[in-house]
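Q:
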Amino acid sequence: MPPRKLHIKSYGCQMNVYDAQRMADTLAPEGYVETASAEGADLVILNTCHIREKASEKVYSELGRLRAAKEQAARDGRGMNIVVAGCVAQAEGEEIIRRAPVVDVVVGPQSYHHLPQLLARAKTCGRALETEFPVADKFGFLPQPSRQAIRARGISAFVTVQEGCDKFCTFCVVPYTRGAEASRPVAKVIDDVRRLADNGVREITLIGQNVNAYHGEGSDGRPWPFGKLLYRLAGIPGIVRLRYSTSHPRDVEDTLIDAHRDLDALMPFVHLPVQSGSDRILAAMNRRHTADDYRRVIDRFRDARPDIAFSSDFIVGFPGEAEEDFAATLALVGQIGYAAAYSFKYSPRPGTPAADMQETVSTADMDQRLVQLQNLIDSQQSAFNRTALGRTIDVLFDRPGRKPGQIVGRTPYLQPAHVEASDAIIGQVLPVTVASLERYSLFGTLASQPASGEPSNHAATGGAQFQTTAGV
Ligand code: 5AD
Ligand code: SF4
Numbered sequence: 197m198p199p200r201k202l203h204i205k206s207y208g209c210q211m212n213v214y215d216a217q218r219m220a221d222t223l224a225p226e227g228y229v230e231t232a233s234a235e236g237a238d239l240v241i242l243n244t245c246h247i248r249e250k251a252s253e254k255v256y257s258e259l260g261r262l263r264a265a266k267e268q269a270a271r272d273g274r275g276m277n278i279v280v281a282g283c284v285a286q287a288e289g290e291e292i293i294r295r296a297p298v299v300d301v302v303v304g305p306q307s308y309h310h311l312p313q314l315l316a317r318a319k320t321c322g323r324a325l326e327t328e329f330p331v332a333d334k335f336g337f338l339p340q341p342s343r344q345a346i347r348a349r350g351i352s353a354f355v356t357v358q359e360g361c362d363k364f365c366t367f368c369v370v371p372y373t374r375g376a377e378a379s380r381p382v383a384k385v386i387d388d389v390r391r392l393a394d395n396g397v398r399e400i401t402l403i404g405q406n407v408n409a410y411h412g413e414g415s416d417g418r419p420w421p422f423g424k425l426l427y428r429l430a431g432i433p434g435i436v437r438l439r440y441s442t443s444h445p446r447d448v449e450d451t452l453i454d455a456h457r458d459l460d461a462l463m464p465f466v467h468l469p470v471q472s473g474s475d476r477i478l479a480a481m482n483r484r485h486t487a488d489d490y491r492r493v494i495d496r497f498r499d500a501r502p503d504i505a506f507s508s509d510f511i512v513g514f515p516g517e518a519e520e521d522f523a524a525t526l527a528l529v530g531q532i533g534y535a536a537a538y539s540f541k542y543s544p545r546p547g548t549p550a551a552d553m554q555e556t557v558s559t560a561d562m563d564q565r566l567v568q569l570q571n572l573i574d575s576q577q578s579a580f581n582r583t584a585l586g587r588t589i590d591v592l593f594d595r596p597g598r599k600p601g602q603i604v605g606r607t608p609y610l611q612p613a614h615v616e617a618s619d620a621i622i623g624q625v626l627p628v629t630v631a632s633l634e635r636y637s638l639f640g641t642l643a644s645q646p647a648s649g650e651p652s653n654h655a656a657t658g659g660a661q662f663q664t665t666a667g668v
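Quick look at the structure:
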């Protein structure tokens with residue numbers, strides 16, 4: 197049988213990027229091979245995001261475009277199946293089926309291991325929908341990626357250690373779309389990381405909607421806190437960098453702080469969303485922490501690891517947010533000093549408590565606050581990036597650059613760093629002396645010659661650009 201072409205388009209967070217890989221791994225034994233474009237594909241999966249209104253609207257416009265592609269495929273005598281997966285599928289399954297006849301399968305994030313059966317069911321019954329939260333452990337059903345798939349995905353990989361959230365912030369859909377918080381057992385995480393490392397992966401980003409709430413069962417039969425998991429993973433040969441996302445300020449335990457003090461492999465760059473600097477708004481958001489609590493958490497990290505840098509998420513225009521609340525957010529940003537941050541206009545999500553709150557903020561006020569906050573964050577990010585100039589910073593090289601002879605990697609703070617070198621340095625951590633800066637990218641020269649053997653791990657110095665897991 198000739199390979200069947202699979203195109204997955206992912207929206208939203210890192211968890212979706214990871215889930216897309218797992219869907220591809222589930223479909224590989226069925227003869228599906230990934231392709232970069234929907235055109236000519238036998239199966240297209242839209243891996244959707246429901247976190248804000250704009251994110252979910254995209255699904256319906258993309259489905260409009262896919263309808264034309266599917267009709268063209270039918271005229272060419274081919275079939276094209278369309279699957280809607282991800283959090284919009286979970287939240288609006290029935291509605292998708294009603295609104296978009298072009299869709300063959302709707303599948304929620306807990307059921308990706310059933311994709312082959314759902315496709316078969318759609319073939320015989322016309323359509324298939326599965327958005328249950330099964331009681332069984334969904335993690336256990338996921339297939340292992342092949343060696344070939346791991347190699348094709350590069351030297352940096354995501355590993356899900358935890359999924360779901362029990363925090364119920366009043367604006368957030370995650371507890372409804374991803375369900376209750378669940379952690380994978382330590383042994384399973386270790387197996388995954390070992391397998392990735394054995395196949396050339398050098399950097400692991402542990403992901404979860406509330407990753408530092410991790411409490412997976414350890415080798416002693418007891419729940420392990422997140423920090424303890426990090427200590428264990430840092431000892432796996434081949435792994436030179438560990439990262440994690442996304443963390444909640446309430447769940448920062450001492451073992452995590454200790455891990456930042458003790459582990460060279462643990463990168464000194466932490467995504468710690470605060471959402472607002474106003475205690476009144478934080479309470480209305482049900483964040484379960486005050487601005488001062490957040491400042492104290494930041495201080496604990498900084499005491500343990502002075503070169504640590506932070507990124508965050510902010511929501512402007514949450515219901516009831518007055519000028520003085522917004523001023524408190526700006527003040528907090530000023531006090532912390534971020535290397536990067538994301539900021540969003542509040543978007544009411546159906547079914548969440550905040551969607552029923554009456555004191556809405558006008559669009560004009562939201563727009564104006566967003567611009568003000570983003571300007572402040574941009575200036576902090578630029579200042580942070582400028583501190584890299586003239587310094588020698590460890591870079592993990594991961595891919596060829598756009599220009600011939602150029603290799604690109606990431607600093608500990610996820611800034612892209614470019615040097616002229618041979619592609620033999622891909623997979624190695626090497627010190628780079630930074631000569632110039634273009635927007636978010638650093639340019640420099642190798643400060644020492646590459647090792648011919650295994651990648652090294654140097655201690656780090658140095659600013660940020662990246663993508664996080666929707667959550668906390
Ligand atoms: N409106 C605006 N932003 C939101 N986020 C989550 N829910 C909403 C919402 N309803 C943001 C939060 C979260 C990030 C992933 O998305 O800042 O940390
Ligand atoms: Fe959970 Fe984060 Fe959503 Fe709050 S914002 S409910 S902590 S995922």
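Sequential numbering from 197 applies to the sequence shown in this note's numbering.
All C-beta atoms, glycine included, are put in the ideal place defined by N, C-alpha and C.
Computed from a prediction, not measured in an experiment: that's the story for all the values here.
Using C-beta distances below 8 Å, list every residue in its chain close to Ala560, excluding the 5 sequence neighbours before and after it, in chain order.
A: If we look at Ala560 and ignore the five residues flanking it on each side, it has no Cβ neighbours.
Q: Between Cys209 and His246, how many whole angstroms is the CB-CB distance? I'm expecting something under 8 Å.
A: 11 Å between Cβ atoms; not a contact.
Q: Where does Gly275 land, buried or exposed, given buried means 16+ other C-beta within 10 angstroms?
A: Exposed, because fewer than 16 other Cβ atoms sit within 10 Å of the Cβ of Gly275.
Q: For my contact list, Gln577 and Ala535 are in at a C-beta cut-off of 8 Å; report their separation, rounded to the angstrom.
A: Sure, about 6 Å apart at Cβ, within 8 Å.
Q: Just checking Val370 against the ligand SF4 - is the residue's beta carbon closer than 8 Å to any of the ligand's heavy atoms?
A: Yes, the beta carbon of Val370 sits closer than 8 Å to at least one heavy atom of the ligand SF4.
Q: Check whether the Cβ atoms of Leu171 and Val213 sit closer than 9 Å, and answer yes or no.
A: Residue 171 cannot be examined here, being either before or after the span of the chain that is shown, 197 to 668.
Q: Who are Thr356's beta bridge partners in DSSP?
A: BP columns for Thr356 point to Ile403.
Q: Determine the closest residue to Leu311 out of Leu239, Asp521, Ile532, Arg349, with distance taken between C-alpha atoms.
A: Out of Leu239, Asp521, Ile532, Arg349, Leu239 has the C-alpha closest to the C-alpha of Leu311.
Q: Please list, in chain order, all residues of the same chain as Ala376 whose beta carbon is under 7 Å from its beta carbon, the five residues on each side excluded.
A: Cβ neighbours of Ala376 beyond the five flanking positions: Gly360, Asp362.
Q: Taking only three categories from DSSP, how would you classify Phe190?
A: No statement about residue 190 is possible, as the shown extent of the chain runs from 197 to 668 and does not include it.
Q: Give every residue of the same chain whose Cβ lies closer than 6 Å to the Cβ of Ile511, excluding the five residues on either side of it in the sequence, and list them in chain order.
A: If we look at Ile511 and ignore the five residues flanking it on each side, its Cβ neighbours are Gln471, Phe540, Tyr542.
Q: What would DSSP say about Asp594, mapped onto helix, strand or coil?
A: Of the three classes helix, strand and coil, the one that applies to Asp594 here is strand, per DSSP.
Q: In chain order, what residues of the same chain have a beta carbon less than 7 Å from the beta carbon of Ile621, not counting five sequence neighbours either side?
A: Cβ within range, chain order: Phe593, Ile603, Pro646.
Q: Would you identify the three-state DSSP class for Pro444, choosing helix, strand or coil?
A: Looking at the sequence shown, residue 444 is not Pro but His. The answer is coil: DSSP assigns His444 none of H, G, I, E or B.
Q: Would you call the stretch 245 to 265 and the stretch 214 to 232 touching, i.e. three or more CB-CB distances under 8 Å?
A: Contact between the stretch 245 to 265 and the stretch 214 to 232 is absent, because fewer than three Cβ pairs lie under 8 Å.
Q: What residues in its chain sit with their C-beta under 7 Å from that of Gln286, if we drop five residues either side in the sequence?
A: Answer for Gln286: Gly304, Pro305, Thr327, Thr373, listed in chain order.
Q: Just curious, the beta strand (DSSP E) that Glu230 is in, first and last residue?
A: Per DSSP, Glu230 belongs to the beta strand (DSSP E) from 228 to 230.
Q: Can you tell which of Val436, Tyr490, Leu429, Pro464 has its C-alpha closest to the C-alpha of Val448?
A: Among Val436, Tyr490, Leu429, Pro464, the Cα nearest to that of Val448 belongs to Tyr490.
Q: Does the beta-carbon of Arg582 have 16 or more other beta-carbons within 10 angstroms, so that it is buried, or is it exposed?
A: The residue in question, Arg582, is exposed, as its Cβ has fewer than 16 Cβ neighbours within 10 Å.
Q: Using alpha carbons as the reference points, say which of His411, Ser415, Gln568, Leu429 lies closest to Pro421.
A: Out of His411, Ser415, Gln568, Leu429, His411 has the C-alpha closest to the C-alpha of Pro421.
Q: Taking its Cβ as the centre, do 16 or more other Cβ atoms sit within 10 Å of Asn408, making it buried, or is it exposed?
A: With 16 or more other Cβ atoms within 10 Å, it is buried.
Q: In its own chain, which residues sit with a C-beta less than 8 Å from the C-beta of Asn277, not counting the 5 before and 5 after it?
A: Here the set comprises Asp238, Leu239, Val240, Asp300, Val301, Leu315, Ala318.
Q: Check for me: the beta strand (DSSP E) holding Gly605 runs from which residue to which?
A: First-last of the beta strand (DSSP E) with Gly605: 602 to 606.
Q: Measuring straight from C-alpha to C-alpha, what distance separates Ala660 and Gln313?
A: Bear in mind that a pLDDT of 33 at Ala660, under 50, signals an unreliable position, so the model cannot answer this.
Q: Going by the CB atoms, is the gap between Leu438 and Ala461 shorter than 9 Å?
A: A contact, by the Cβ cut-off of 9 Å.
Q: From Ile403 to Gly423, what distance separates their C-alpha atoms?
A: One C-alpha to the other measures close to 14 Å.
Q: Per DSSP, what are the beta-bridge partners of Ser539 in this structure?
A: In DSSP, Ser539 forms a bridge with Phe510.
Q: May I ask you to report which of helix, strand or coil DSSP gives Leu325?
A: Correct three-state label for Leu325: strand.
Q: Could you check if Gln471 belongs to the surroundings of the ligand NAP, using beta carbon to heavy atom distance under 8 Å?
A: Looking at this structure, you won't find the ligand NAP anywhere; what it does contain is the ligand 5AD and the ligand SF4.
Q: Could you tell me the boundaries of the alpha helix (DSSP H) in which Ile477 lies?
A: Looking at the DSSP string, the run of the alpha helix (DSSP H) that includes Ile477 is 475 to 480.
Q: Thr401 and Ser443: beta carbons closer than 9 Å?
A: Result no, Cβ atoms of Thr401 and Ser443 do not sit closer than 9 Å.
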